[in-house]
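Asks: Dropping a structure here in structure tokens format, bear with me for questions.
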Amino acid sequence: MYVVSVINYKGGVGKTTVTANLGAELANRGMKVLLIDLDPQASLTFGFYDPDDWRERLRDGRTVKRWYDGLREGEPVVTLGDLVVSPGPANSRLSGAGRLDLIASHLQLVDIDLALARSVAGGEEYDAELFRVRGSLAEGLLADGLDPYDLVLIDCPPNFNVVTQSAIIASDHLVIPAKADYLSTLGIDYLHGNVRELVEQYNADARRFATVRRHQKVAPGVAGVVFTMIQLLSRQPIATHQSYMDQVRNLGLPVFSTALRENVTLYATNTPRGVPVVLRDRVTVPAVRDELRQLATEFLDNLQPDRRPR
Numbered sequence: 027m028y029v030v031s032v033i034n035y036k037g038g039v040g041k042t043t044v045t046a047n048l049g050a051e052l053a054n055r056g057m058k059v060l061l062i063d064l065d066p067q068a069s070l071t072f073g074f075y076d077p078d079d080w081r082e083r084l085r086d087g088r089t090v091k092r093w094y095d096g097l098r099e100g101e102p103v104v105t106l107g108d109l110v111v112s113p114g115p116a117n118s119r120l121s122g123a124g125r126l127d128l129i130a131s132h133l134q135l136v137d138i139d140l141a142l143a144r145s146v147a148g149g150e151e152y153d154a155e156l157f158r159v160r161g162s163l164a165e166g167l168l169a170d171g172l173d174p175y176d177l178v179l180i181d182c183p184p185n186f187n188v189v190t191q192s193a194i195i196a197s198d199h200l201v202i203p204a205k206a207d208y209l210s211t212l213g214i215d216y217l218h219g220n221v222r223e224l225v226e227q228y229n230a231d232a233r234r235f236a237t238v239r240r241h242q243k244v245a246p247g248v249a250g251v252v253f254t255m256i257q258l259l260s261r262q263p264i265a266t267h268q269s270y271m272d273q274v275r276n277l278g279l280p281v282f283s284t285a286l287r288e289n290v291t292l293y294a295t296n297t298p299r300g301v302p303v304v305l306r307d308r309v310t311v312p313a314v315r316d317e318l319r320q321l322a323t324e325f326l327d328n329l330q331p332d333r334r335p336r
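When we follow our numbering, the leftmost residue of the sequence shown carries the number 27, and every step to the right adds one.
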């Protein structure tokens, strides 16, 4: 099982769009994919489930909040596998033996993040407890019931709080969606630096607090930065966007050659509800769907060869 977090400090850059469509396309190619929505805005969840359906079927017992609730109290009362749901409309569009599942988010997940932070905010056992919380999701993904998945994609909130840190520690790689503008470019370098510091600290803490003798070293890499909401002129990014894209390449980070063009109407529509753009039979701009499929191919090519999902 390969775990990838989709992350950016800045909101509104297409994280959820990338997560949903990347997962859907890979599932359509025969992979078993699990999406985890860690963003309290729950945009990924509501992309697959109507809010009324979420309230009736998922809110009280089938969201990731329930798992983090238990973690705050010491031990989760359910496994992550207990929370998995299968969005019907999306799965009905898949060809072959692939599968697309989801662990839904909750609007109160932001409270859990604050509660987890408070639980490690002082006392002599601060470092040990912080190490436990940061490593909790990685441990949770080893639970029974998650073995069949080839790939886990985590839609992270636009922050660097404890829940986000747990996603990074659980990940093999990160995908960073970004707009080609000043704030996104600035944030990418800052994010990359914070990830390095987090990983170094966690690995150092593992030598002190890990309960197993040979604790696996955490080393998530950046699979790539994917530029979104690009404006094109003669099939090429406009000059302003190209300038910011080049700046990110100059940081030394891998950048996907596939960029996603801006199309607010197509990405925002809920028709058909619960079906990502990449799975829709009819789209007004087929090139948008083609770009998403190209991104999925490039994503697989960018994974470590010895860890690539099969």
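Glycine is no exception: its CB is placed at the ideal position from the N, C-alpha and C atoms. Remember, predicted model here, so these are calculated numbers, not experimental data.
Do you know how far the Cα of Ser260 is from the Cα of Glu164?
Replies: Inspection of the sequence shows that residue 164 is occupied by Ala rather than by Glu. Roughly 45 Å between the two C-alpha positions.
Asks: When you compare only the Cα positions, how much space is there between Ala206 and Leu212?
Replies: Cα to Cα, Ala206 sits roughly 10 Å from Leu212.
Asks: Can you tell me which of Asp176, Ile138, Tyr75 puts its alpha carbon nearest to the alpha carbon of Arg92?
Replies: It is Ile138.
Asks: Can you have a look at Ala232 and say buried or exposed, based on whether 16 or more other CB atoms are within 10 angstroms of its CB?
Replies: Answer is buried; the Cβ neighbour count reaches 16.
Asks: Tell me the DSSP secondary structure of Thr42 in three-state form.
Replies: Looking at Thr42 - three-state DSSP - the assignment turns out to be helix.
Asks: When you compare only the Cα positions, how much space is there between Arg333 and Met271?
Replies: Its pLDDT being 46, under 50, Arg333 is placed unreliably by the model, and nothing is read from it.
Asks: Following the continuous alpha helix (DSSP H) through Ala68, name the residue where it begins and the one where it ends.
Replies: Segment: none, Ala68 is in no alpha helix (DSSP H) and carries neither H nor E.
Asks: Since Ala130 contacts Arg88 with CB under 8 Å, what's their CB separation in whole angstroms?
Replies: Confirmed, about 6 Å.
Asks: When the distance is taken between beta carbons, is Val178 closer than 8 Å to Met57?
Replies: No, Cβ-Cβ distance for Met57 and Val178 is not below 8 Å.
Asks: What do you get for Gly219, buried or exposed, if any count of 16 or more other CB atoms within 10 angstroms of its CB means buried?
Replies: With fewer than 16 other Cβ atoms within 10 Å, it is exposed.
Asks: Helix, strand or coil: how does DSSP classify Leu325 here?
Replies: The residue you asked about is not Leu; residue 325 is Phe in the sequence shown. Of the three classes helix, strand and coil, the one that applies to Phe325 here is helix, per DSSP.
Asks: Do you know whose CA, among Ala53, Asn117, Ile256, lies nearest Tyr75's CA?
Replies: Ranking the options by Cα distance to Tyr75, first place goes to Asn117.
Asks: Once the 5 residues before and after Asn47 are set aside, which same chain residues still bring their CB inside 7 Å of it?
Replies: Same-chain partners within the cutoff: Pro302, Val303, Val304, Leu318.
Asks: Relative to the alpha-carbon of Leu60, which residue among Arg119, Val111, Thr266, Gly38 has its alpha-carbon at the smallest distance?
Replies: Answer by Cα proximity: Val111.
Asks: Which residue marks the beginning of the beta strand (DSSP E) containing Thr254, and which one marks its end?
Replies: It spans 247-254 - the beta strand (DSSP E) in which Thr254 sits, taken as one unbroken run.
Asks: Distance check for Asn289 and Ala141, CA to CA, integer angstroms please.
Replies: Cα-Cα distance, rounded: 38 Å.
Asks: Given Glu324, which residues of its chain have a CB within under 8 Å of its CB, disregarding the five upstream and five downstream residues?
Replies: Excluding sequence neighbours, Glu324 sits near Gly250, Phe282, Ser283, Thr284.
Asks: Distance, Cα to Cα, Arg158 vs Pro102?
Replies: Taking the straight line joining both Cα atoms gives about 13 Å.
Asks: Rounded C-beta distance between Val314 and Val201? I'm assuming under 8 Å.
Replies: The Cβ separation is near 18 Å, so there is no contact.
Asks: Let me make sure I understand the geometry here. Which of Pro246, Asp86, Glu155, Trp80 has the alpha-carbon closest to that of Thr237?
Replies: Closest by alpha carbon: Glu155.
Asks: Rounded to whole angstroms, what's the CA-CA distance from Arg119 to Ala245? Just pull it up for me.
Replies: C-alpha separation (whole angstroms): 35 Å.
Asks: Is the Cβ-Cβ distance between Leu133 and Pro113 less than 8 Å?
Replies: No, Cβ-Cβ distance for Leu133 and Pro113 is not below 8 Å.
Asks: Quick check on DSSP: helix, strand or coil for Leu163?
Replies: Note: Leu163 maps to helix in three-state DSSP.
Asks: Label Arg299 either buried or exposed according to how many other C-beta atoms from any shown protein chain fall within 10 Å of its C-beta, with 16 as the threshold for buried.
Replies: Exposed.
Asks: Per DSSP, what are the beta-bridge partners of Ser31 in this structure?
Replies: DSSP lists Ile180, Leu200 as partners of Ser31.
Asks: List the residues that DSSP assigns as beta-bridge partners of Arg287.
Replies: Arg287 is bridged to Ile256.
Asks: Does any heavy atom of the ligand FAD sit closer than 7 Å to the C-beta of Ala206?
Replies: Looking for the ligand FAD in the displayed structure turns up nothing, as the structure carries no ligands at all.
Asks: Taking the alpha-carbon of Leu109 as reference, which of Asp170, Glu51, Glu151 has the nearest alpha-carbon?
Replies: Among Asp170, Glu51, Glu151, the Cα nearest to that of Leu109 belongs to Asp170.
Asks: What does the Cβ neighbour count give for Arg336, buried or exposed, with the cut at 16 atoms within 10 Å?
Replies: Its pLDDT being 39, under 50, Arg336 is placed unreliably by the model, and the measurement read from it follows with that caveat. It counts as exposed.
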